[in-house]
Every structure is written in C-alpha cells, then in structure tokens.
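Novice: Residue numbers (this note's numbering): 10 to 267. From the three backbone atoms N, C-alpha and C, an ideal C-beta is built for every residue, glycine too.
(1) Tell me residue 163's beta-bridge partners as DSSP assigns them.
(2) What would DSSP say about residue 235, mapped onto helix, strand or coil?
(3) Throw me the rounded Cβ distance for the residue 278 and residue 55 pair, which I believe falls under 8 angstroms.
(4) The beta strand (DSSP E) with residue 88 in it runs from where to where?
(5) Put residue 58 into one of helix, strand or coil per three-state DSSP.
(6) Can you say whether residue 77 is buried or exposed, counting buried as having 16 or more other CB atoms within 10 angstroms of its CB?
(7) Measuring CA to CA, which of 264, 26, 184 is closest to residue 8?
(8) What is the DSSP secondary structure of residue 122, counted as helix, strand or coil?
(9) Check whether the Cβ atoms of residue 83 and residue 61 sit closer than 7 angstroms, and answer yes or no.
(10) When you compare only the Cα positions, how much space is there between residue 59 and residue 87?
(11) Is the separation between the beta-carbon of residue 271 and that of residue 130 shorter than 7 angstroms?
(12) Out of curiosity, what's the CA-to-CA distance linking residue 227 and residue 258?
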C-alpha cells in the first residue's frame with residue numbers, strides 16, 4: 010500500500026495492500042477500497058463507500074459524501090462503485106437515501122469526465138461515458154454503453170436506457186428509450202445511434218429493423234399506444250433488439266422523449 014504522508018486515512022478504513030493514496034487525500038472510517046485503485050490527490054472519500062478494483066480517481070473529486078436531499082438525516086446509506094472506472098477532476102458522487110433503496114451504485118468500465126455529478130440513489134450501469142459537466146439528479150437510472158454529452162442534465166427519476174445518446178447541452182425530463190439519440194432543451198429525439206451499433210458489430214438486418222421501429226414510434230405521428238401496438242404486431246418485433254426497444258418504452262413511468 011502506498012499512502013502519501015500528507016494523506017489522512019482513518020485507521021478503520023479497509024484498503025487493499027495494492028491501493029495508492031496520493032497527496033492530501035482524505036479517506037473516512039467506513040470506506041473500503043479494492044486492489045489497484047488509485048486516488049490521485051486531494052480526493053475525499055467518505056461515508057459507507059465501497060470502491061472496487063483498478064479505479065482511477067482524480068484530484069478534487071468528492072466520493073460518497075452526504076447527499077443534497079434535505080430529507081437526509083444522517084442515515085448510514087451507501088455508495089458502491091465497481092471496477093475499472095475513471096473519475097476525473099472535480100466530480101461529485103453522493104450516497105443514497107432511505108427514501109429509495111439506500112444506495113447509489115455505479116458499475117464498471119465507466120468514464121466520468123471532469124466536473125460530472127452523480128446524485129443520490131442513482132444507478133449507473135457499465136461502460137458509460139459522462140462528458141464534462143454532465144449531471145444526474147437524484148434517483149436517475151442509466152443503463153449500459155450510454156453517452157451523455159457535455160453539460161447534459163438528467164431530471165430526477167428519469168431512465169436513460171442502454172445504448173442511447175444525449176447531445177451536448179441536452180436537458181432531459183423524460184425517459185430515453187434504448188438506442189435513441191436526443192438533444193436540445195428540452196431534449197427531443199433525433200434518430201437512433203446507428204453508428205454506435207455498427208461499431209459494436211450489430212448486423213445490418215438488425216439495424217434496418219430498428220430503423221423501421223424508430224419510424225413507427227417517432228415519425229408516423231400516431232399516439233404512442235397505437236404506435237406500440239402496430240410495432241408489436243409486426244414481424245420485426247420478434248428481433249431481440251426491437252423487443253428490447255419496445256420494452257424500454259413499455260417500462261417508462263415518466264413518458265418518453267419524443
């Protein structure tokens with residue numbers, strides 16, 4: 010274990026022997042940090058926080074601090090972070106509240122660029138990119154392989170489904186279905202992330218089916234329930250990716266960005 014002499018690490022904290030703690034970091038008593046994780050400098054890790062393996066956390070980042078919910082009364086809620094995440098300068102990640110499940114959770118392989126914010130009770134999946142100043146309000150759920158452009162804001166309780174994408178400066182107040190690209194203030198849909206699909210090796214016939222599914226939901230100007238019924242009765246509904254797209258809409262509680 011490599012701990013800089015200017016760092017303050019509570020003796021009750023549980024750090025793997027392979028952890029590096031840089032200058033002027035502060036690590037609280039209820040913190041657990043896994044092998045290979047590096048706190049660069051001036052990082053504060055507080056609360057009941059568990060950080061997995063091989064994460065890189067850059068200077069002036071606040072991890073697991075008291076959340077900004079005025080209902081919070083000091084309950085022992087948690088923050089759980091997975092493996093191989095890169096969390097850049099000035100980012101803030103807050104622990105959960107008892108009004109939800111009591112935990113904020115971040116998966117693995119994520120890149121949180123400088124000055125991003127993950128609010129209380131958020132659930133963030135794997136391999137996402139949050140560009141500079143992107144912010145998640147409380148209770149936001151983000152799937153896998155999502156890209157949030159710089160200065161994107163996500164309203165509390167929104168669902169940002171897997172493989173979707175937000176353009177720079179998007180203000181999102183409703184759920185984003187799987188694969189859909191949005192931008193604007195307020196955010197509106199502008200197609201699907203087909204280029205991302207090609208990069209992941211998605212078959213051309215699947216992309217074609219998703220293109221038709223998008224046209225049914227977004228371009229035929231039908232009421233949403235009628236559009237869903239038409240899509241569900243079509244042949245392409247049997248394709249897994251199309252079924253996943255439909256399900257992400259069906260599960261929406263706030264309504265979808267259209």
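Specialist: Reading off the structure:
(1) In the DSSP output, where bridge partners are listed per residue, residue 163 has 145, 181.
(2) In the displayed model, residue 235 falls within a helix according to three-state DSSP.
(3) There is no way to answer for residue 278, as the model of the chain reaches only from 10 to 267.
(4) 87 to 90 is the extent of the beta strand (DSSP E) around residue 88.
(5) In the structure shown, residue 58 sits in a strand (DSSP, three-state: E or B).
(6) Answer is exposed; the Cβ neighbour count stays below 16.
(7) Given a span of 10 to 267 for the chain in the structure shown, any question on residue 8 remains unanswerable.
(8) Three-state result, residue 122: coil.
(9) No, the pair does not count as a contact, with Cβ atoms beyond the cut-off.
(10) Rounded to the nearest angstrom, the two C-alpha atoms are 8 angstroms apart.
(11) Here the chain has residues from 10 to 267 only, and residue 271 is not among them.
(12) Near 12 angstroms, if we compare the C-alpha coordinates of residue 258 and residue 227.
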